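A short worksheet on the structure shown next.
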Amino acid sequence: MSDSVSPCLRGQPLLLVSPASKVWDSRAHIHMGLGYLAGSLLQHGYPVEIFEECVEPTSLADQLAGRQYGVVGISSPTPLIEEAWEAALVAKKAGALTLMGGPHLTLHPGESLTKPQVDLVVRGEAEDAIIEVMRALEADSGEAYEGGRRFRAEVWGSIPGVSFRDSEGTVRHNPARPLRQDLDNLPWPAYRLFPIERYTNLQPLTDGLQKNARAYTLLTSRGCPYQCIYCSKPITGNTWRPRSPEKVVEEWAYLVRELRATEIGVTDDVWNLNVDRAKDICRLLIERGLTDVPWVTIHGMRADRSDAELFRLMKQAGCKRVGFGVESGNQAILDAIKKGQKIDDVRAAVANAKAAGLQTMGFFIFGLPGDTEATMEDTIRLALELDPDMANFMMADPLPGTEMYEIVQRKGRLLATGYHDLAIHGEHARFEMGDMTAELVERKFHEAYRRFYFRPKRIWKRATSLDTWRRLPTYAGNFVRFFLKR
Ligand code: B12
Ligand code: SF4
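Heads up, the sequence shown is in the working numbering, so the first residue is 191 and it goes up one at a time.
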């Protein structure tokens with residue numbers, strides 16, 4: 191069976207898809223990866239649309255029934271891979287060629303190519319690869335076989351980062367594509383393709399900045415050189431690539447002035463690795479009058495890469511809230527998870543941020559390898575001592591490809607059942623190890639929420655906050671989830 195017409199040659203647009211989870215319902219931020227891919231495609235003249243299932247009023251099947259797309263590109267982190275394969279099936283049934291990419295595909299590209307509905311996989315960053323894929327499709331759009339579409343190796347074998355089935359049906363993985371260094375010359379994400387009014391604001395799980403915000407995210411750098419054992423970094427590895435402050439602020443101005451952003455989230459892994467560069471970004475924001483739109487560092491900053499001047503400049507530059515990955519209140523556990531951070535660094539950073547007038551947020555993890563009742567108690571005590579405006583307690587999540595996953599395989603008992611259960615969404619432990627039982631981890635996790643949020647001063651602060659009343663339904667849901675169980 192063979193069909194020779196290249197779908198992309200029919201002049202149909204591409205559809206870039208991010209599937210929604212079936213098991214959790216959480217923050218919806220614009221997908222920067224898809225935004226960047228769309229930016230690159232538009233720059234090269236390929237029409238493209240974005241479909242983030244979690245904010246769309248229609249199903250993917252309805253979207254594809256209403257409009258013909260030549261290529262459907264699907265993005266997936268590990269916990270969403272089953273939903274992503276389903277999306278590929280829907281796209282295949284609608285007659286599109288299917289292309290997959292993102293963190294899970296980079297970790298396990300061959301696994302998805304065992305699914306006949308998946309035609310091509312791109313590993314790693316793909317702004318350049320997707321253009322080469324589109325050009326290759328013009329030369330060879332493959333032949334359909336029951337076991338999956340097959341492609342000619344002479345056309346496809348030389349595109350770095352691509353995995354495909356060759357004419358014999360053998361899965362081939364081309365060599366990896368080196369990471370692009372000049373981030374300044376990448377086209378900006380195609381921000382206008384996101385229906386921004388349908389996205390939630392940047393940290394609604396914990397607190398909101400504004401209701402109905404036009405909440406955009408922005409990347410000032412990519413990657414992180416640290417090697418925390420629980421962190422999954424298939425796309426960037428242990429590298430860090432900064433953008434120049436000038437280019438960052440140019441994009442920031444576009445979000446504020448052209449797209450009328452009402453809040454901005456810096457979504458880097460570690461935006462302040464180079465403290466001087468972080469300060470330069472703040473100085474430029476101040477100089478260019480871009481301080482009125484509040485911004486947050488969504489995923490946390492490195493506490494050990496900061497000083498009092500940085501927080502003062504951030505405050506002047508319009509920053510409202512900073513987050514810190516504190517993780518554990520026990521130094522031996524912090525060392526064991528290779529956080530590369532001292533508890534005193536965290537104490538100093540939180541104190542400096544508060545002194546500068548910034549709201550603070552701390553991320554804490556329970557059930558790390560080596561954790562005991564006593565070390566988790568240290569974590570709760572550190573949270574109480576630091577007393578950030580918000581504390582986000584989580585249970586350790588052993589994502590495949592991480593050192594923690596290997597440790598759990600060797601010494602622990604994995605409790606997660608399937609990929610979807612590897613998401614940070616529920617209130618159950620994903621593994622046990624030695625004397626560290628799920629019961630113990632879940633008990634300390636719920637205890638942390640109770641002891642942190644049920645202090646008289648905290649209750650008073652919440653009760654007197656306008657935001658609390660606005661967000662009562664969310665808080666009521668979280669109350670049941672985090673406080674009443676166990
Ligand atoms: C911002 C962010 C979020 C935001 C926004 C979601 C999003 N998908 O963008 C929020 C807070 C909502 C979020 C949620 C989750 N996240 Co998150 N998130 C990040 C973070 C910090 C940055 C992502 C980013 O913007 N990267 C920059 C862009 C340019 O890169 P990119 O997205 O990887 O896209 C490039 C390539 O992957 C590739 N690509 C991506 N998609 C596709 C599709 C096709 C067709 C092709 C060809 C290529 C391709 O090309 C893109 C351009 O170069 C990363 C850490 C990181 N550095 O990657 C974690 C990260 C991606 N998240 C992760 C996880 C686990 C989640 C959740 C599952 C958490 C949970 N609930 O359990 C959810 C999943 C939500 C979802 N739909 O994806 C993990 C994924 C690990 C893994 N093995 O899969 C990461 C790597 C964090 C970590 N270190 O553990 N996340
Ligand atoms: S510092 Fe953050 S991004 Fe870097 S490895 Fe550790 S958890 Fe991952």
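Yeah, the Cβ is synthetic: ideal placement off N, Cα and C, and Gly gets one too. From a predicted model like this one, the values you see are computed outputs, not experimental measurements.
Can you tell me which of the options puts its alpha carbon nearest to the alpha carbon of residue i?
{"i": "Gly291", "options": "Val308, Ala538 and Val280", "result": "Val308"}
{"i": "Leu630", "options": "Ile570, Met566 and Thr304", "result": "Met566"}
{"i": "Val377", "options": "Leu231, Lys212, Pro247 and Pro267", "result": "Per the sequence presented here, residue 377 reads as Pro, with Val not at that position. Here the closest residue by C-alpha is Leu231."}
{"i": "Gly479", "options": "Leu297, Arg447, Leu227 and Val345", "result": "Arg447"}
{"i": "Gly229", "options": "Arg313, Leu287, Val311 and Asn375", "result": "Asn375"}
{"i": "Lys529", "options": "Gly515, Thr304 and Arg362", "result": "Gly515"}
{"i": "Arg495", "options": "Gly519, Glu563, Arg355 and Lys469", "result": "Lys469"}
{"i": "Ala218", "options": "Ala498, Ala619, Arg404 and Ala586", "result": "Arg404"}
{"i": "Phe354", "options": "Leu369, Leu289, Pro435 and Leu548", "result": "Leu289"}
{"i": "Gly490", "options": "Leu392, Leu270 and Pro385", "result": "Leu392"}
{"i": "Pro415", "options": "Leu463, Arg537 and Lys544", "result": "Leu463"}
{"i": "Ile454", "options": "Phe241, Thr487, Thr607 and Val465", "result": "Thr487"}
{"i": "Trp214", "options": "Glu617, Glu333, Lys647 and Gln506", "result": "Glu617"}
{"i": "Ala538", "options": "Ile320, Leu604 and Leu576", "result": "Leu576"}
{"i": "Val323", "options": "Lys212, Ser357, Leu227 and Cys421", "result": "Leu227"}
{"i": "Arg362", "options": "Tyr420, Leu310, Gly552 and Gln258", "result": "Leu310"}
{"i": "Arg388", "options": "Glu246, Tyr595 and Pro435", "result": "Glu246"}
{"i": "Ser422", "options": "Gly602, Pro203, Leu589 and Lys651", "result": "Leu589"}
What is the DSSP secondary structure of residue i, reduced to helix, strand or coil?
{"i": "Ala281", "result": "helix"}
{"i": "Ile527", "result": "coil"}
{"i": "Gln521", "result": "helix"}
{"i": "Ala405", "result": "strand"}
{"i": "Val308", "result": "coil"}
{"i": "His221", "result": "coil"}
{"i": "Gly347", "result": "coil"}
{"i": "Leu662", "result": "Residue confidence is low: Leu662 scores 49 on pLDDT, short of 50, so the model does not pin down where it sits. Its coordinate-derived value is still stated next. Helix at Leu662."}
{"i": "Glu239", "result": "strand"}
{"i": "Thr288", "result": "strand"}
{"i": "Pro293", "result": "helix"}
{"i": "Trp214", "result": "coil"}
{"i": "Ile321", "result": "helix"}
{"i": "Arg340", "result": "strand"}
{"i": "Arg433", "result": "coil"}
{"i": "Glu622", "result": "strand"}
{"i": "Gly300", "result": "helix"}
{"i": "Glu333", "result": "strand"}
{"i": "Ile419", "result": "coil"}
{"i": "Gly229", "result": "helix"}
Would a C-beta distance cut-off of 8 Å place residue i and residue j closer than the cut-off?
{"i": "Asp459", "j": "Gly413", "result": "yes"}
{"i": "Gly351", "j": "Arg367", "result": "yes"}
{"i": "Glu441", "j": "Leu474", "result": "no"}
{"i": "Ala281", "j": "Val262", "result": "yes"}
{"i": "Ile349", "j": "Ala326", "result": "yes"}
{"i": "Thr268", "j": "Leu612", "result": "yes"}
{"i": "Ser265", "j": "His234", "result": "no"}
{"i": "Ala638", "j": "Ile570", "result": "yes"}
{"i": "Gly508", "j": "Tyr381", "result": "no"}
{"i": "Thr410", "j": "Pro432", "result": "yes"}
{"i": "Ala493", "j": "Val536", "result": "yes"}
{"i": "Phe241", "j": "Leu279", "result": "no"}
{"i": "Val540", "j": "Leu500", "result": "no"}
Just the C-alpha distance for residue i and residue j, rounded to the nearest angstrom, thanks.
{"i": "Pro306", "j": "Gly591", "result": "25 Å"}
{"i": "Ile471", "j": "Glu239", "result": "31 Å"}
{"i": "Ala522", "j": "Gly337", "result": "51 Å"}
{"i": "Leu295", "j": "Val438", "result": "29 Å"}
{"i": "Val598", "j": "Asp561", "result": "13 Å"}
{"i": "Phe554", "j": "Arg502", "result": "25 Å"}
{"i": "Ala251", "j": "Ala451", "result": "31 Å"}
{"i": "Ala343", "j": "Asp330", "result": "10 Å"}
{"i": "Val312", "j": "Glu276", "result": "18 Å"}
{"i": "Ser194", "j": "Asp318", "result": "Residue confidence is low: Ser194 scores 46 on pLDDT, short of 50, so the model does not pin down where it sits. Its coordinate-derived value is still stated next. If you take the alpha carbons of Ser194 and Asp318, they lie about 25 Å apart."}
{"i": "Thr426", "j": "Arg645", "result": "41 Å"}
{"i": "Thr607", "j": "Cys244", "result": "23 Å"}
{"i": "Tyr236", "j": "Glu563", "result": "56 Å"}
{"i": "Ala628", "j": "Met584", "result": "13 Å"}
{"i": "Gly201", "j": "Leu558", "result": "51 Å"}
{"i": "Gln531", "j": "Leu524", "result": "7 Å"}
{"i": "Asp579", "j": "Ala546", "result": "14 Å"}
{"i": "Glu436", "j": "Tyr595", "result": "39 Å"}
{"i": "Thr304", "j": "Ser434", "result": "41 Å"}
Any beta strand (DSSP E) of 3 or more consecutive residues that is wholly inside the region 443–515: 453–456 and 485–491
Whole beta strand (DSSP E) elements within the region 536–618, 3-residue minimum: 549–556, 580–585 and 602–604
Continuous beta strand (DSSP E) assignments of at least 3 residues falling wholly in the region 354–392: 361–363
Quiz: which residues have CB nearer than 5 Å to ligand 3 non-hydrogen atoms: Among the ligands modelled here, namely ligand 1 and ligand 2, ligand 3 does not occur.
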